[in-house]
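Residue numbers (the numbering used here): 0 to 546.
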Ligand SMILES: [Zn+2]
């Protein structure tokens with residue numbers, strides 16, 4: 000018996016053979032059972048996911064003489080002829096080579112009224128239907144809408160957006176998805192068992208993830224490996240057959256990039272050059288490695304076995320993955336892709352990979368200059384961080400209270416001095432909570448009297464702080480329950496300013512004699528939103544209104 004390649008041998012023959020197209024199988028079976036099959040179908044989806052095979056199986060389902068369990072038998076003359084593309088009643092037309100309106104007239108429209116020669120239906124399979132010209136589509140429109148009872152159209156396309164809406168709306172459409180890695184791997188294992196191939200699990204993994212969801216491509220790769228190795232599907236041979244660099248090489252190169260190790264990159268490239276690996280394949284594997292690192296570091300990936308390189312910010316993996324894509328584009332047309340690839344990787348390690356860590360180092364250096372040195376995080380020391388998220392309100396509050404250590408230390412020293420020099424002031428101050436900002440501290444009081452008492456001594460407190468901190472820090476006094484009512488002590492030296500910032504407590508009538516509902520409808524709206532009522536309005540005079 001002559002050799003039949005695996006893709007052909009294991010081409011799906013009946014509905015139940017189709018892998019990963021459950022929705023299609025179920026719909027067609029139900030329609031067969033109800034005897035209500037449509038007269039025009041449109042299959043769309045990426046290449047290699049089974050559209051043409053499904054079209055043939057649907058044609059068999061329509062014309063088979065011995066339907067079993069709503070499946071074509073695959074054995075009658077009609078089924079066999081369709082499998083071999085020699086049925087007189089099933090016309091397979093490649094739309095790419097019949098784009099013109101005259102072709103459509105000659106092949107389809109002028110012949111559609113001729114009855115099928117033997118079988119029940121005359122079936123037109125139009126592959127790559129989006130290639131038809133507009134006038135060809137228009138000519139076809141009427142026929143698709145009202146075909147003679149014996150005619151059925153099955154159209155397939157990879158580019159649904161190029162098919163006119165008028166055609167789409169007249170068809171029963173099916174979307175074909177790329178076959179998942181798991182389904183591909185399962186099918187590969189089944190075929191290996193049937194063919195009595197020995198295989199390594201990892202090898203099937205690699206084949207399943209390098210064929211882009213296309214079963215035909217997966218089987219072609221399996222065919223190549225098995226014919227070379229006499230049925231031993233091994234990982235190393237799979238890498239070699241696919242022109243992929245081994246994992247150790249990819250990992251070593253990735254770590255050299257992450258550690259900015261130019262000589263490491265160079266030594267890996269010596270191996271890549273001597274073993275003749277494709278630079279594009281190397282970059283593709285690097286890109287996948289960085290992408291997987293990012294996904295695993297953030298627990299987005301189900302692959303628990305993946306070993307994420309330690310000590311790097313996950314976002315630098317995502318950035319590097321993207322950079323590998325760019326380099327792949329860059330070196331596509333290079334006369335020396337290997338050299339171009341190596342040089343491009345040196346430029347990657349020259350620019351900072353981890354901008355965030357760099358920013359932190361700069362900030363640390365800045366505060367070192369101003370006397371508050373904290374150790375800068377280095378690239379190596381940085382622990383993988385959880386994915387960034389917005390802080391909750393609660394966390395933001397506690398962040399405010401968690402003052403930087405040096406500010407609270409200064410405040411402790413200041414209050415120590417006050418406790419011996421002015422015990423009464425110290426007493427009131429110990430009731431307030433201090434909120435430390437970069438250049439301004441807020442002293443927040445529960446009650447009004449301590450606030451007023453302490454604010455009168457603001458110059459004394461300010462001078463103590465300035466002496467201890469070695470710089471001027473603005474302080475302000477406020478009440479806890481009314482953050483709006485802030486007395487700005489540093490501006491209170493001149494009576495003018497005091498006047499400007501004075502807080503008045505006014506009743507409604509003080510502001511306006513009329514009905515507040517008419518005068519301040521927005522206040523009314525707010526009180527409605529908050530389900531409360533307006534008791535008092537605090538009006539703050541600002542400088543502008545005072546003038
Ligand atoms: Zn049959």
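By construction, the Cβ of each residue, glycine as well, lies at the ideal position given by its N, Cα and C atoms.
With contacts defined by Cβ atoms closer than 7 angstroms, residue 165 and residue 130 do not form a contacting pair. DSSP places residue 458 in the uninterrupted alpha helix (DSSP H) bounded by 457 to 468. Within the chosen limit of 6 angstroms, ligand 1 reaches the beta carbon of residue 63 through at least one heavy atom. Judged by DSSP secondary structure, residue 122 falls within the beta strand (DSSP E) whose first and last residues are 121 to 126. Setting aside the 5 residues that flank it on each side, residue 284 is surrounded in the same chain by 243, 244 and 249, each with a C-beta closer than 7 angstroms to its C-beta; the list follows chain order. In the DSSP assignment, residue 156 falls within the beta strand (DSSP E) that extends over 150 to 156.
In terms of CA proximity to residue 405, 469 leads the group 449, 469, 52 and 330. In this structure residue 2 is exposed. Its beta-carbon is surrounded by fewer than 16 other beta-carbon atoms within 10 angstroms.
The shortest C-alpha to C-alpha distance from residue 76 to any of 4, 117, 108 and 40 is the one to 117. Residue 443 carries a strand assignment under DSSP once its states are collapsed to helix, strand and coil.
Per the coordinates, the alpha-carbon of residue 175 lies some 15 angstroms from the alpha-carbon of residue 215. The three-state reading of DSSP puts residue 345 in helix, counting H, G and I together. Taking C-beta atoms under 8 angstroms as the contact rule, residue 162 and residue 134 fail to qualify, at a distance of about 15 angstroms. Burial state of residue 288 is buried, judged by a 10 Å Cβ sphere holding 16 or more other Cβ atoms. Judged by DSSP secondary structure, residue 473 falls within the beta strand (DSSP E) whose first and last residues are 473 to 478. Under the three-pair Cβ rule at 8 angstroms, the stretch 185 to 192 counts as touching the stretch 210 to 226. Look at residue 71: its beta carbon is less than 6 angstroms from one of the heavy atoms in ligand 1. Across the structure, residue 330 and residue 286 are spaced so that their CA atoms are roughly 15 angstroms apart. The alpha-carbon of residue 300 is positioned some 15 angstroms away from that of residue 208. As the crow flies, the alpha-carbon of residue 334 is around 14 angstroms from that of residue 341. If the five residues before and after residue 172 are omitted, its C-beta is found closer than 6 angstroms to the C-beta atoms of 41, all from its own chain and listed in chain order.
Pairing residue 474 with residue 454 gives a Cβ-Cβ distance that is not under 7 angstroms.
The Cβ neighbour count for residue 313, taken over all protein chains shown within 10 Å, is at least 16; the residue is labelled buried.
Going by beta carbons, residue 292 and residue 316 fall inside the 7 angstroms limit.
The three-state secondary structure of residue 215, taken from DSSP, is helix. Secondary structure at residue 2: coil, using DSSP grouped into helix, strand and coil. When C-alpha distances from residue 13 are compared across 23, 4 and 5, the shortest belongs to 23. Shown here for residue 343: same chain residues with a beta carbon closer than 8 angstroms to its own, the five before and five after excluded, namely 326, 329 and 330 in chain order. Cβ contact annotation for residue 73 (same chain, cutoff 6 angstroms, sequence separation greater than five): 12 and 13, in chain order.
Under the DSSP definition of a beta bridge, residue 197 partners with 231. Using a Cβ-Cβ distance cut-off of 8 angstroms, the stretch 41 to 53 and the stretch 144 to 159 are in contact, since at least three pairs of beta carbons, one from each stretch, lie closer than that value.
Between the alpha carbons of residue 63 and residue 78 lies a distance of about 6 angstroms. The C-alpha of residue 411 lies about 11 angstroms from the C-alpha of residue 429. Burial of residue 19 is indicated by the presence of at least 16 other C-beta atoms within 10 angstroms of its C-beta. The alpha carbon of residue 94 has as its nearest neighbour, out of 109, 52 and 139, the alpha carbon of 139. In chain order, 320 place their CB closer than 7 angstroms to the CB of residue 290, counting only its own chain and leaving out the 5 sequence neighbours on each side.
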